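Enquirer: Residue numbers (this note's numbering): 2 to 132.
I am attaching a structure below and will ask some questions about it afterwards.
Rendered as structure tokens:
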């Protein structure tokens, strides 16, 4: 059987720019997650990973901490979205994504260009079954 985590709330109806909650993902190879955008929306969301044993402060500028934005895969059409580009939302939507975390220790969504809207991100980790 695969190892699957409980559902983690990384953002819950967030209405401002900045980082969500960090997900300790060290034991998982992949993270499946969704972004729910409600109301009148206009924002870009990026996704960061870090390798330290202690979560970095994802609220600080990327250049000052040891984390980096990571590419994600859109589960609707399998398109890869570059980490530094992020995903732009201009209409209410509900989208599923995947990220290969492999040996990353923390994963965190970050609203980088927020104008308006309500943003929720929930995620679960998974790893293949051991043989």
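We put the beta carbon where it would ideally sit given N, CA and C, even for glycine.
Values in this document were obtained by computation on a predicted structure and should not be read as measured data.
Residue 100 to residue 88, Cα distance in whole Å?
Expert: 13 Å
Enquirer: Is the region 45 to 58 in contact with the region 101 to 117, if contact means three or more CB pairs nearer than 8 Å?
Expert: yes
Enquirer: Give the secondary structure of residue 64 by DSSP, where H, G and I count as helix, E and B as strand, and everything else as coil.
Expert: helix
Enquirer: Between which residues of its own chain and residue 31 is the CB-CB distance below 8 Å, once the five residues before and five after are set aside?
Expert: 99, 100, 101, 102, 126, 127 and 128
Enquirer: Beta-carbon within less than 8 Å of residue 3's beta-carbon, same chain only, minus the 5 sequence neighbours each way: which residues are those?
Expert: 127, 128, 129 and 130
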